[in-house]
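Quick note, the sequence shown lines up with residues 173 to 800 if you use our numbering. All residues carry an ideal CB built from backbone N, CA and C; glycine is no exception.
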Amino acid sequence: MLESFNDYLKIYKKSVDNPQQFWAEIAQDFVWRKKWEQVLEWDFHKPQVSWFIGGKLNITENCLDRHLPHRANQIAIIWEPNDPQEEYRTITYQQLFDEVCRVANMLRSQGIKKGDRVCIYMPMIPEVAFAMLACARIGAVHSVVFAGFSSGSLVDRINDSGCKLIMTADGAFRGDKKIDLKSIVDDALLKCPSVERAIVFKRTGSSINMQPGRDVWWHDALKNIAAECEPEIVDAEDLLFILYTSGSTGKPKGMVHTCGGYMVYTAYTFQTAFQYQPGQIYWCTADVGWITGHSYIVYGPLASGATTLMFEGIPSWPDMGRFWHVVEKHRVNIFYTAPTAIRSLEKAPLSFVHQYDLHSIKVLGSVGEPINEEAWHWYQEHIGRNQCPVIDTWWQTETGGFMISPIAHVTKLKPAFATFPLPGVQPAVMDENGNELIENGVEGRLTIKFPWPSMARTIYGDHQRFKETYFSTFPGKYFTGDGCKRDEEGYYRITGRVDDIIIVSGHNMGTAEVESAIDEHSAVCESAVVGYPHDIKGQGIYAYVICYDKPHEEDKLRTEIRDLVSKIIGPIAKPDKIQFVSGLPKTRSGKIMRRILRKVAEGDTTNLGDISTLLDPAIVDEIKMGAL
């Protein structure tokens, strides 16, 4: 526990002056089967990073086994179902250990061994955590795909990583909807030759197709399976998981995270940022399909011996008080959610908040995108009763864990500022010419100039792309893709993406991916997608679409395009606004001038800058006139 901001400054200085010693001291608190020979080896020009070299471990021993002597009966996971009428579940550390061992043995019985890739496409039920930990237990590599993605997105991810087996469910509940997961999997597996087996958990009881020889029910596969499983001892740099994130070119990027550094960093940052104390109930509302769920629902909290709450539902069903009902019911002490959720709940009458007792909350957190000031104040005032710090965490799928964040009850807060780097994190603000801006009161591009243990090691199967994406813009530094301001007092504020990524409800969507889905429509000749400010989602998706022929029924075509995008990528990628245009603002070299499209989408056409380089400047007036 840190007592004061001075403590933070001391620890931060130590972590920067001697990073290797700093991380070695933290890593000593974990169970290693063999201690590391060297703490760190790195070269950002290659890029190559290795932590705790020669160290041997199994992350599940640190999440499960080591807690059993004194925490066997403590609750590890509270599971709150989608329907408040359904019984919630509590799983102790002993029960979690037993379940993980059984599922690990089940995977072994299905032919899965160390290094094999396993795809997990499941609802937010405890079994999804069992599946992840079971893979880690036997040294298999999990690749979780968010269960809101379409079969096409599933195909891309399975084939890229070469998964041998998929773990899924018959369906999922989300609010008043029932989602048929198995038929999405069936469609996908027609195009996934590497998958030999599908293990299906029964959640919704929907009637589904089971393909003989390939599909097996979870409960059948678990019959007569022992609840003890020797952990596979792996190298600190062996793969733990692959998780896909949208790229600015269409193809998703499989970020590779490894065992040792990831474990040390997620546990340390979880304990530090939230100032977690034993016995507290912690609830992160994310889905395990995203990095937030990996690091701060499963691995970070469990490695810390915490009680972590998993929630299957959505914030708005059965009504807008659902989150606060869960907080009261389970006496939640730390509540961690996304600005999107906060903004949608802010719009609901306050009676949905006031009918519940939220006094158990001690710390609030925000994740996924920069939080705007209005939402920040509402969150602190109405949910935190002006007594709880708001931990506005900045980090990425690529970073594995929190990078810049306040420390609860230690850092003096500024609304909408991520505040200061956590110990061990060395940010650098760069100008466009690649010079580091040393002083305060500056704005530029956010980079990191020194490695940290949980950083992604590569893009699966494409190290060159990893280098080009993250290490070529500013040689010798990791480029985050985000802009940032550092104010006069040294506080960091993240200003959002500087490339073609839109953050929709806290999730990265590559514009190229959405464009290629729109272009699949037979009536569409070309499209360009940009983000614009959206009251709820943070950013909405605005699509400019050129058709071969002038559309007769624009609204009908809009619906068709939205449905197609939903089918190819998933509902999250549906454009909010679709404007039909006769052309796009292109330079003579054929490059789309997206800043003009962004300005129009934002409703700000006063200063479009120099458009003389455009092939057809007149197109800009047409786009302005037709803006939605």
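#1: Is it buried or exposed for P298, if we count other Cβ within 10 angstroms and need 16 for buried?
#2: Sort A276, V313, F318, G283 by Cα distance to M294 and report the nearest one.
#3: Taking the C-alpha atoms as reference points, what is the distance between T777 and G703?
#4: According to DSSP, is A344 part of a helix, a strand, or is it coil?
#5: Output the boundary residues of the alpha helix (DSSP H) element that contains E178.
#6: Which residues does DSSP list as the beta-bridge partners of V460?
#7: Which same chain residues end up closer than 7 Å to P403 when comparing Cβ atoms and leaving out the 5 residues on each side of it in sequence?
#8: Based on the DSSP secondary-structure assignment, which residues constitute the bridge partners of L536?
#9: Measuring alpha carbon to alpha carbon, tell me which residue in L174, E258, G226, F202 is nearest M435.
#10: Starting from Y468 and walking both ways along the beta strand (DSSP E), at which residues does that stretch end?
#11: Check each candidate in Q452, T457, L729, V498 and name the one with the smallest Cα separation from A478.
#12: Whether or not the segment 284 to 291 and the segment 322 to 338 are in contact is what I'm after, with contact meaning three or more pairs of Cβ atoms, one per stretch, closer than 8 Å; do they touch?
#13: Using only alpha-carbon positions, find the residue among N381, P487, G426 that is nearest to G347.
#14: From this set, A399, V357, Y471, F413, which residue's C-alpha is nearest M482's C-alpha?
#15: Check S325 in the structure and name its three-state DSSP category.
#16: Span of the beta strand (DSSP E) holding N680?
#17: Please work out which residues of its chain come closer than 7 Å, Cβ to Cβ, to D387, disregarding the five sequence neighbours upstream and downstream, and give them in chain order.
#18: What is the DSSP secondary structure of W223, reduced to helix, strand or coil?
#19: Along the chain, where does the alpha helix (DSSP H) that runs through I791 open and close?
#20: May I ask you to report which of helix, strand or coil DSSP gives V367?
#21: According to DSSP, simplified to helix, strand and coil, what is R665?
#22: Below 8 Å, how does it come out for the segment 607 to 620 and the segment 423 to 438: are there three or more Cβ pairs, yes or no?
#23: With burial defined as no fewer than 16 other Cβ atoms inside 10 Å of the residue's Cβ, what is the status of F177: buried or exposed?
#24: Report, in whole angstroms, the separation of the C-beta atoms of A439 and A475, which I expect to be a contact under 8 Å.
#25: With DSSP as the reference, label G485 as helix, strand or coil.
#26: Roughly how many angstroms lie between the CA atoms of A510 and S538, to the nearest whole one?
#27: From this set, V275, C656, S323, which residue's C-alpha is nearest D358's C-alpha?
#28: Please state whether DSSP places Y416 in a helix, a strand or coil.
#29: Which residue comes first and which comes last in the alpha helix (DSSP H) that contains I231?
#30: At the level of alpha carbons, what is the spacing between G343 and N381?
#31: Rounding to the nearest angstrom, what Cα-Cα distance links S418 and G682 in this structure?
#32: Along the chain, where does the alpha helix (DSSP H) that runs through T262 open and close?
#33: Would you kindly work out how many angstroms separate the C-alpha atoms of R557 and A458, rounded to a whole number?
#34: My output table needs one value for I675: the three-state DSSP class, helix, strand or coil.
#35: Going by C-alpha to C-alpha distance, which of T464, D707, A695 sits closest to S516?
#36: Under 7 Å between the Cβ atoms of Y714 and A773?
In terms of the structure at hand:
#1: For this step, residue 298 is matched to residue 126 along the sequence shown. P298 is buried by the Cβ-count criterion.
#2: Here residue 294 is taken as the residue at index 122 of the sequence shown, counted from 1. Residue F318 is the option with its Cα nearest to M294.
#3: As a working mapping, residue 777 is identified with position 605 in the sequence shown. As a working mapping, residue 703 is identified with position 531 in the sequence shown. Those two C-alpha atoms are separated by around 15 Å.
#4: Working through the sequence shown from its first residue, we reach residue 344 at position 172. Here A344 carries a strand assignment [DSSP, helix/strand/coil].
#5: Sequence index remark: in the sequence shown, residue 178 carries index 6 (1-based). According to the sequence as given, residue 178 is Asn; it is not Glu. Its alpha helix (DSSP H) spans residues 177 to 189.
#6: Against the sequence shown, residue 460 aligns to sequence position 288. None; V460 has no bridge partner.
#7: Stepping through the sequence shown from its first residue, residue 403 is reached at position 231. Closer than 7 Å at Cβ, skipping near neighbours: N230, T232, E233, R309.
#8: Taking the first residue of the sequence shown as position 1, residue 536 is located at position 364. Looking at the DSSP assignment, L536 forms a beta bridge with F507, V562.
#9: Taking the sequence shown and counting its residues from 1, the one referred to as residue 435 is at position 263. The candidate whose alpha carbon is nearest that of M435 is F202.
#10: Position 296 of the sequence shown, counted from the start, is the residue given in the question as residue 468. Segment: none, Y468 is in no beta strand (DSSP E) and carries neither H nor E.
#11: The count along the sequence shown starts at 1 and reaches residue 478 at position 306. Sorting Q452, T457, L729, V498 by C-alpha distance to the C-alpha of A478 places Q452 at the top.
#12: yes
#13: In the sequence shown, the residue the question calls residue 347 occupies position 175. That would be P487, whose Cα lies nearest to the Cα of G347.
#14: As a working mapping, residue 482 is identified with position 310 in the sequence shown. Here the closest residue by C-alpha is Y471.
#15: Residue mapping note: residue 325 aligns to position 153 of the sequence shown, counting from 1. Correct three-state label for S325: helix.
#16: In the sequence shown, residue 680 corresponds to position 508, counting from 1. Its beta strand (DSSP E) spans residues 679 to 682.
#17: For this step, residue 387 is matched to residue 215 along the sequence shown. A370, V372, listed in sequence order.
#18: Position 51 of the sequence shown, counted from the start, is the residue given in the question as residue 223. Three-state DSSP puts W223 in a strand.
#19: As a working mapping, residue 791 is identified with position 619 in the sequence shown. According to the DSSP assignment, I791 belongs to the alpha helix (DSSP H) that extends over 790 to 797.
#20: Reading the sequence shown from its first residue, position 195 is the one you call residue 367. It is coil, neither helix nor strand.
#21: As a first step, residue 665 is located in the sequence shown; it is residue number 493 there, counting from the start. Note: R665 maps to strand in three-state DSSP.
#22: No: the two stretches stay apart, fewer than three of their Cβ pairs being nearer than 8 Å.
#23: Translated into positions along the sequence shown, residue 177 becomes position 5. It counts as exposed.
#24: Taking the first residue of the sequence shown as 1, we reach residue 439 at position 267. Taking the first residue of the sequence shown as 1, we reach residue 475 at position 303. 4 Å between Cβ atoms; contact.
#25: For the purposes of this step, residue 485 is identified with residue 313 of the sequence shown, where counting begins at 1. G485: coil per DSSP, three-state reduction.
#26: Here the question's residue 510 lines up with position 338 in the sequence shown. Here the question's residue 538 lines up with position 366 in the sequence shown. The straight-line gap from Cα to Cα measures roughly 5 Å.
#27: In the sequence shown, residue 358 corresponds to position 186, counting from 1. Residue nearest to D358 within the set V275, C656, S323 is S323 (criterion: CA-CA distance).
#28: Numbered from 1 along the sequence shown, position 244 holds the residue referred to as residue 416. Here Y416 carries a strand assignment [DSSP, helix/strand/coil].
#29: Counting from 1 along the sequence shown, the entry for residue 231 is found at position 59. Per DSSP, I231 belongs to the alpha helix (DSSP H) from 231 to 235.
#30: As a first step, residue 343 must be located in the sequence shown, where it is residue number 171. As a first step, residue 381 must be located in the sequence shown, where it is residue number 209. G343 and N381: Cα-Cα distance of roughly 12 Å.
#31: On the sequence shown, position 246 is the one that residue 418 refers to. On the sequence shown, position 510 is the one that residue 682 refers to. Distance between the alpha carbons of S418 and G682 is about 5 Å.
#32: What you label residue 262 is simply residue 90 of the sequence shown in a count that begins at 1. That residue, T262, is in no alpha helix (DSSP H); its beta strand (DSSP E) goes 261 to 264.
#33: Counting from 1 along the sequence shown, the entry for residue 557 is found at position 385. Counting from 1 along the sequence shown, the entry for residue 458 is found at position 286. Between R557 and A458, the C-alpha separation is close to 23 Å.
#34: By one-based count along the sequence shown, residue 675 stands at place 503. In this structure, I675 counts as strand in the three-state DSSP scheme.
#35: Taking the first residue of the sequence shown as 1, we reach residue 516 at position 344. Here the closest residue by C-alpha is D707.
#36: Sequence index remark: in the sequence shown, residue 714 carries index 542 (1-based). Sequence index remark: in the sequence shown, residue 773 carries index 601 (1-based). Contact: yes.
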